[in-house]
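**Student:** Here's a structure for you.
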Amino acid sequence: MPSLASQFVNGVLAVKPLANLAKHQARSMMISRAESIGVSWRQEVQALRSRQGNSEFAADWFAADWDRELAQLQSADLVYPDYYLTSFHAYEQGNLSWEAAMEVEVAAHAVHARIWPEAGAKGDAMLRQSFHRLLQQEISPDPQAILDLGCSVGMSSFALQSIYPQAQITGVDLSPYFLAVAQYRAEQRFSASTITWIHAAAEATGLPDASFDLVSAHLVFHELPQRAAVEILQEARRLLRPGGHLAIMDMNPRSEVFAKMPPYILTLLKSTEPYLDQYFGLALEQAICAAGFSQPALFCNSHRHRTLIAQA
């Protein structure tokens, strides 16, 4: 059950004008934080929109090439689950918009800037590295086929490829806008895309049984209602080969950072994360075991994040 402070925040956010105000303030704070650490939010987003100026702008502000890539990646038959058709991260259209896709990278740099003192814009990379050190420590031999669930714009996929360069990596996400950015970034990095991008729900990927050695979910589960989280764990078990591993890195509900968060900051956070109460209330270790995994090993890889690694 949510704490009294959390219940009070939920009451505030139930009033739509107050919720909209909180979302606006949360977004403004992220942009200000990004620019205070040297991340040129507006310039970087503009450069991505225009593909560094190599394409002509379409009438509605983004480069025409983006629409072509969207059409190539989008699954016409996909039915979006209801939980996904809501506002995330202060975007009214949630993750189903160009604006959200174009701002993922700069937002990650801003949100993770203060995990470690003086980390600045390197905080996001340091958080990923803390996760990957645990993967390398706990998983042997190195995985040859990796599934990145909720891959977003590919930041997690590229980071996995850097530590497992021999692996075939597949990124799955529900947002075709995110996947279009991921594909573009892959082409920038590698001249040709070496990662397979799939537009699908993480709980129903359509991929073959027992086809992966590692299923990774980086900062995904806090954005899920509990039912979807359980279904995704079951799908991960189906997709893993015997002895394969599931790795989840996300917020740590037991962290004192969240327990002691001032109501004003908690309001801003929850205004952008609609399923945070459900995530904090989920007995994730038990759900992992119930899905057919071993008891997960639990690690605190920052003062507000945890990693769980379990074997199929």
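First residue of the sequence shown: 1, per the UniProt record's numbering; consecutive thereafter. A virtual CB, placed ideally from N, CA and C, is assigned to each residue, including glycine.
Would the beta-carbon of Ala310 fall within 9 Å of that of Ala297?
**Tutor:** Their beta carbons are under 9 Å apart, which means Ala310 touches Ala297 by this criterion.
**Student:** Below 7 Å CB to CB, which residues in the same chain sit around Trp41 once its five sequence neighbours on both sides are set aside?
**Tutor:** Hits under 7 Å: Ile31, Ala34, Glu35, Val106.
**Student:** Could you give the distance in angstroms between the alpha-carbon of His112 and the alpha-carbon of Ser162?
**Tutor:** C-alpha separation (whole angstroms): 20 Å.
**Student:** Does the beta-carbon of Ala108 have 16 or more other beta-carbons within 10 angstroms, so that it is buried, or is it exposed?
**Tutor:** Buried is the call here.
**Student:** Terminal residues of the continuous alpha helix (DSSP H) containing Thr123?
**Tutor:** In the sequence under discussion, the amino acid at residue 123 is Gly, which differs from the Thr named in the question. It spans 123-138 - the alpha helix (DSSP H) in which Gly123 sits, taken as one unbroken run.
**Student:** According to DSSP, is Tyr91 part of a helix, a strand, or is it coil?
**Tutor:** Reduced to three states, the DSSP call for Tyr91 is strand.
**Student:** When burial is assigned at 16 or more other CB atoms within 10 Å of the CB, is Cys151 buried or exposed?
**Tutor:** Buried.
**Student:** Is DSSP giving Ile115 helix, strand or coil here?
**Tutor:** In this structure, Ile115 counts as coil in the three-state DSSP scheme.
**Student:** For the alpha helix (DSSP H) that Met155 lies in, which residues bound it at each end?
**Tutor:** Residues 155-163.
**Student:** Can the beta-carbon of Leu135 be found closer than 9 Å to that of Leu214?
**Tutor:** For Leu135 and Leu214, yes; Cβs fall inside 9 Å.
**Student:** Hey, quick one: how far does the alpha helix (DSSP H) through Asp250 stretch, first residue to last?
**Tutor:** Taken as a continuous stretch (DSSP letters only), Asp250 belongs to no alpha helix (DSSP H), being part of the beta strand (DSSP E) at 240-251.
**Student:** Looking at the unbroken alpha helix (DSSP H) that takes in Ala259, where does it start and where does it end?
**Tutor:** Unbroken alpha helix (DSSP H) run through Ala259: 256-259.
**Student:** Any chance you could list the alpha helix (DSSP H) runs of at least 4 consecutive residues sitting entirely within the segment 281-311, in chain order?
**Tutor:** If we require 4 residues or more, the alpha helix (DSSP H) runs fully inside the segment 281-311 come out as 284-290.
**Student:** Compute the Euclidean distance between the alpha carbons of Glu92 and Ser157, then round it to the nearest angstrom.
**Tutor:** Computed Cα separation, rounded: 26 Å.
**Student:** Rounded to a whole number of angstroms, what is the C-alpha to C-alpha distance between Ala101 and Gln137?
**Tutor:** Straight-line Cα distance between these residues: approximately 32 Å.
**Student:** Does DSSP put Phe142 in a helix, in a strand, or in coil?
**Tutor:** A small correction: the amino acid at residue 142 is Asp; Phe does not occupy that position in the sequence shown. Coil at Asp142, not helix or strand.
**Student:** Buried or exposed: which applies to Ser140, given that a residue is buried once 16 or more other Cβ atoms fall within 10 Å of its Cβ?
**Tutor:** Flag for Ser140 reads exposed.
**Student:** Measure the C-alpha to C-alpha separation of Gln295 and Glu285 and round it to an integer number of angstroms.
**Tutor:** Answer to the nearest angstrom: the Cα atoms are 7 Å apart.
**Student:** To the nearest angstrom, report how far apart Leu73 and Gln278 are at their CA atoms.
**Tutor:** So the alpha carbons of these two residues sit roughly 31 Å apart.
**Student:** Does the distance from the C-beta atom of Phe293 to that of Arg237 stay below 9 Å?
**Tutor:** Yes. Within cutoff.
**Student:** My understanding is that Glu69 touches Gln183, with C-beta atoms under 8 Å, so please give their C-beta distance in whole angstroms.
**Tutor:** About 6 Å separates the two Cβ atoms, so the contact holds.
**Student:** Helix, strand or coil, according to DSSP, for Leu73 in the structure here?
**Tutor:** Here Leu73 sits in helix by DSSP.
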